[in-house]
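Engineer: Can you keep this structure in mind? I'll have questions shortly.
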Amino acid sequence: MNLQKVWTIAQKDVRITFGDRNLLLVMFAAPLLLTFIIGAAFSSFTGSDGDVPINSIAVAVVNEDQGTTVFLAPLNYGAILSSVLIPDGTSTQTDEALHKLIKAQALSRQDAIAQVDQGKLVAAILIPANFSASLDPTRDKPLQTQIAIYRDTGSPITASIVSSVVHSIVNKLTTSSLAIYAAKAQVTAGKASPLLLVNPQAIVQAINDLAKTAFPITLQKPSDSGTRSASITTDPIRYFAPAMAIFFLTFTMAGGAGSIIDERNNWTLQRMLSSPTSRTTILAGKFGGTYLNGVLQITVLILATALLAPLLGSHQSIWGNNLAGIVLITLSAVAAAVGLGTLIAGIARTAQQVNVLSNALLTITGLVGGAFFNIASMGPIFQTVSKLTLNYWATNAYSTLAQTGDLVSVLPDIGVLLLMFIVFFGIGLTLFNRHLNT
Amino acid sequence: MASIVEVRNLQKRYPPARGAKQGMLAVKDVTLTLERGEIFSLLGPNGAGKTTLISMMSGLLTPTAGDVWIDGHSIVKAPVAVKKLIGVVPQEIALYPQLSARQNLDFFGKLYGLSGTELAHRCDEVLDFIGLKDRQNERIESYSGGMKRRVNIGVGLLHRPQLVFMDEPTVGIDPQSRRNILDTVKVLNQQGLTVLYTTHYMEEAQELSNRVGIFDHGELIACGTQNELMQTVGEKDTILISVGENAESALPIVQNVMGIESVTAAEGTLKLMAGRGRQTLPAVIKALDDAHIMLQSIEVKEPNLEAVFLQMTGRALRD
């Protein structure tokens, strides 16, 4: 394979693409226009600043605390924690604010985890069996224990809110518990009489010392649900910018892959084949040019939407700040789209068939994959079907990266896109070769 | 002259269509040679298989049987070496309409291994040669048919091939542009280029060729110089005179005219064979006039390739 000639052919295709005004309208103007029109339309449901007010975060509280007995009286710190989170009709004003933010219910461990996995709950707060025992003031010192939070990674923001709330409640419980130990230590040391003198400063110092050495109750690092619900972004434009970009990318790539049929009809393919240029080089050049067009298309759309979105009221960074992640997602999404385009062109026999197949198949995959509405708002069956499309994985990857900034969290999406490229391109190329038999 | 092209038993059978047992045999066992520096015309009607033959010779199609050697290199075994030696001017306008003439030449020149100043210089030369240097930066889609044909030829000459295949290069263009292309072919040949030229226009084959191959239904029916081919039909002129219902009675009158070798009558038309038709015609007209036989039309046909084709295939070139 002659790389110089591959580049020559790829360059030629890019030049032809970017010299075609009609094609540029489809590649750039249409997705930009639709992004902002649909995004603006959905913004009217989410408030003037485009943010979704955060409330009623659904969580489960799993209290497995066995409790303890202190001075012959039963004590269950897990129940205390649960009563703070779950309204019982006796709420104070402060409690009402908390209950408005978090909508908690008591569930078994099995049910709680299942509902998080299904996306019905944002998180499950798992209170361990030895929670109260670890805080038993009759012990010499508090034992270590951990509260676990099992979260839906598709809702990272609300899950972290839950973590913060639980953390603050746990802190209060812990401080109270430590106070008891500190007072006990004073008495034991003969520095204070339980009935008479109590040195408050010493108690505070003792609490601090205890806290430094071993905070008895900590939050376990949140574990993630194995499944992930589609993320619900708070800014519609943040969703539709990548969704539209990917949707129109698929059409560009199908057209690029199918252009070899046009070249056969126009005899420019035969002209290339009659030169001392191998079929492999010609194919590599054609697909390379198509790929390059795709990368350029997405890059321009990313830059354009990032620049224009603030003008239309979007206050969030549409694509996020993780440049490496954006690049990786783009490269893999374009590859998957080239693969799909090659498959379509391989199946078709004529240029007209490429057009018909592209229009039908890519419109369906766009609809199902979430180009025109947020998949997270659809039912579980639809969400499952959407995962058959590259639109879903690419859009989800961009959205998740923009929200979390975490490249690792989108590696599965990138992996799926690359797998799609391998499968689609492999099958498509096998079928495609017959187009070179002029 | 040494041979530059040897075609031996070349055959092409296409894959069978659905339901068919055997595919179409488009080219049947063709053997021919081209001498270095000649213009060889392949004359035949549309659908004869000329393009299929040229496609195999230029490496676009794989032969079902046989081989082609160009300057000693086999198209089957060493296609890359062959492709460096040949230029192809297809019947279709094989150019990118969205690019300019210059950009097309630049692109295809790179595929032939040209680059840098050599490519730029060669593009300039070709544009000069085809007379389009002042419009080199305009898109092909803005060109007339004749201009497109010229660029089409130019691309085939970029890499200075030893041999160029021209497949019906004058189809669909105006007479002036056709004249221009024919003159271009002659100039190229004078510069030493060997040309294989396919056409269904007898006049082009007659004007350009050293040798002509008569091609029909995938077969090379006859091959030789124009004189050799015309001798197969004899060197006699044909005079056709329409006399209507008097044809039978006119037969004995014209038979006796000096210079007339044979006469037949059919459907109101006398068909006379004469060694020198134009010189004999006045005497024939006088004889018929003296017999008060009215002449409706007169046509003199001198021996030509169309007559050769008609003789050998039983049908006209433009059927």
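These protein sequences, in sequence, are chains A and B.
With the first letter of the first sequence counted as 1, position 94 gets the number 110 in my numbering; the numbers rise by one all the way through.
With the first letter of the second sequence counted as 1, position 233 gets the number 438 in my numbering; the numbers rise by one all the way through.
No residue lacks a Cβ here, since even glycine has one placed at the ideal position from N, Cα and C.
Measuring only the C-alpha atoms, how far is N18 of chain A from R384 of chain B?
Structural biologist: C-alpha separation (whole angstroms): 40 Å.
Engineer: At a CB-CB cut-off below 8 Å, which residues of chain A make contact with G264 of chain B?
Structural biologist: Neighbours of G264 of chain B on chain A, chain order: L289 and S290.
Engineer: Going straight from the alpha carbon of P380 of chain B to that of G252 of chain B, what length do you get?
Structural biologist: Approximately 24 Å, taken between the alpha carbons.
Engineer: What are the start and end residues of the alpha helix (DSSP H) that includes P396 of chain A?
Structural biologist: Where P396 of chain A is concerned, the enclosing alpha helix (DSSP H) stretches over P396 to S402.
Engineer: Where do the N-terminal and C-terminal ends of the beta strand (DSSP E) with E211 of chain B fall, by residue?
Structural biologist: S208 to R218 is the span of the beta strand (DSSP E), which, as asked, contains E211 of chain B.
Engineer: How long is the line joining the alpha carbons of K289 of chain B and E243 of chain B, rounded to whole angstroms?
Structural biologist: If I take the Cα positions, the gap works out to 19 Å.
Engineer: Just to confirm, are T358 of chain A and F303 of chain A a CB contact at a threshold of 9 Å?
Structural biologist: Yes, these two residues count as a Cβ contact at 9 Å.
Engineer: Mind listing the chain B neighbours of I282 of chain A? Cutoff is C-beta to C-beta under 9 Å, in chain order.
Structural biologist: Note on identity: in this sequence residue 282 of chain A is Asn, with Ile being the wrong assignment. E297, I298, A299, L300, Y301 and P302, listed in chain order.
Engineer: Using a C-beta cutoff of 9 Å, does K288 of chain B count as contacting chain A?
Structural biologist: Judged by the 9 Å Cβ criterion, K288 of chain B is in contact with chain A.
Engineer: Could you round the C-beta distance between L159 of chain A and S150 of chain A to whole angstroms and report it? I think they count as a contact, below 8 Å.
Structural biologist: Their Cβ separation, rounded to whole angstroms, is 4 Å, which keeps L159 of chain A and S150 of chain A in contact under 8 Å.
Engineer: Spatial neighbours of I419 of chain B within its chain, please: C-beta separation below 8 Å, excluding the five flanking residues on both sides.
Structural biologist: Around I419 of chain B: L248, G249, L425, I426, A427, C428, L434, L510, V513, F514, M517 and T518.
Engineer: Quick one: grab the DSSP three-state call for V468 of chain B.
Structural biologist: In this structure, V468 of chain B counts as strand in the three-state DSSP scheme.
Engineer: Rounded to the nearest angstrom, what separates V424 of chain A and M371 of chain B at their Cα positions?
Structural biologist: When rounded, the distance between both Cα atoms is 59 Å.
Engineer: Which residue comes first and which comes last in the alpha helix (DSSP H) that contains Q20 of chain A?
Structural biologist: Note, Q20 of chain A: alpha helix (DSSP H), L19 to F34.
Engineer: Provide the residue(s) that pair with L401 of chain B in DSSP beta bridges, ordered along the chain.
Structural biologist: L401 of chain B is bridged to B:F245 and B:F370.
Engineer: Leaving out five residues before and five after G301 of chain A in sequence, what residues of the same chain have Cβ atoms less than 6 Å from its Cβ?
Structural biologist: Closer than 6 Å at Cβ, skipping near neighbours: V22, I25 and A26.
Engineer: Within 10 angstroms of the Cβ of V178 of chain A, are there 16 or more other Cβ atoms? Answer buried if so, exposed if not.
Structural biologist: With 16 or more Cβ atoms within 10 Å of its Cβ, V178 of chain A is classed as buried.
Engineer: Mind checking which residues open and close the beta strand (DSSP E) that includes Q121 of chain A?
Structural biologist: Segment I118 to A122, the beta strand (DSSP E) holding Q121 of chain A.
Engineer: Along the region 304-323 of chain A, what residues have a CB closer than 9 Å to any CB found in chain B?
Structural biologist: Under the 9 Å Cβ criterion, the region 304-323 of chain A contributes no residue.
Engineer: Would you mind working out which of A:S290, A:N38 and A:V75 sits nearest K116 of chain A, comparing C-alpha positions?
Structural biologist: Out of A:S290, A:N38 and A:V75, A:V75 has the C-alpha closest to the C-alpha of K116 of chain A.
Engineer: Give, in chain order, every unbroken run of the beta strand (DSSP E) that is at least 3 residues long and sits entirely within the region 277-347 of chain A.
Structural biologist: Here no run is fully enclosed.
Engineer: Around the Cβ of M436 of chain A, are there at least 16 other Cβ atoms within 10 angstroms (buried) or fewer (exposed)?
Structural biologist: It is buried - the Cβ of M436 of chain A has at least 16 other Cβ atoms within 10 Å.
Engineer: Considering only their Cβ atoms, is the gap separating A418 of chain A from W335 of chain A smaller than 9 Å?
Structural biologist: Cβ atoms of W335 of chain A and A418 of chain A: closer than 9 Å.
Engineer: Could you tell me the boundaries of the beta strand (DSSP E) in which A496 of chain B lies?
Structural biologist: Element bounds for A496 of chain B: n/a, residue is neither H nor E.
Engineer: Within 10 Å of its beta-carbon, does E409 of chain B have 16 or more other beta-carbons around it, so buried, or fewer, so exposed?
Structural biologist: Per the 10 Å Cβ criterion, buried.
Engineer: Shortest alpha-carbon distance to A479 of chain B belongs to which of B:I259, B:P487 and B:A496?
Structural biologist: Comparing Cα-Cα distances from A479 of chain B to each of B:I259, B:P487 and B:A496, the minimum goes to B:P487.
Engineer: Listing by chain order, which chain A residues have their CB less than 8 Å from the CB of Y541 of chain B?
Structural biologist: Because chain B in this structure spans residues 206 to 524, residue 541 of chain B falls outside the shown range and cannot be described.
Engineer: E279 of chain A: buried (16+ other C-beta within 10 angstroms of its C-beta) or exposed?
Structural biologist: Buried, because 16 or more other Cβ atoms sit within 10 Å of the Cβ of E279 of chain A.
Engineer: Is the beta carbon of I497 of chain A sitting closer than 9 Å to the one on V370 of chain A?
Structural biologist: The question about residue 497 of chain A has no answer here: the residues shown for chain A are numbered 17 through 454.
Engineer: Within 9 Å (strictly less), CB to CB, does I25 of chain A reach chain B?
Structural biologist: Yes, its Cβ sits closer than 9 Å to a Cβ of chain B.
Engineer: Where does K282 of chain B sit, in a helix, a strand or coil, going by DSSP?
Structural biologist: Note: K282 of chain B maps to coil in three-state DSSP.
Engineer: Buried or exposed, going by whether 16 or more other CB atoms sit within 10 Å of the CB of I397 of chain A?
Structural biologist: With fewer than 16 Cβ atoms within 10 Å of its Cβ, I397 of chain A is classed as exposed.
Engineer: Return no unless some Cβ of chain B is closer than 9 Å to the Cβ of R31 of chain A.
Structural biologist: For R31 of chain A, the answer is yes, since a Cβ of chain B falls inside 9 Å of its Cβ.
Engineer: Can you tell me where the alpha helix (DSSP H) holding R167 of chain A begins and where it ends?
Structural biologist: Careful: R167 of chain A lies outside any alpha helix (DSSP H), inside the beta strand (DSSP E) at T161 to R167.
Engineer: Please name the residues in the region 35-55 of chain A whose beta-carbon is closer than 9 Å to at least one beta-carbon of chain B, in chain order.
Structural biologist: Flagged, chain order: G35 and D36.
Engineer: Count the other CB atoms within 10 Å of the CB of V343 of chain A; is the residue buried (16 or more) or exposed (fewer)?
Structural biologist: Exposed: under 16 other Cβ atoms inside 10 Å.
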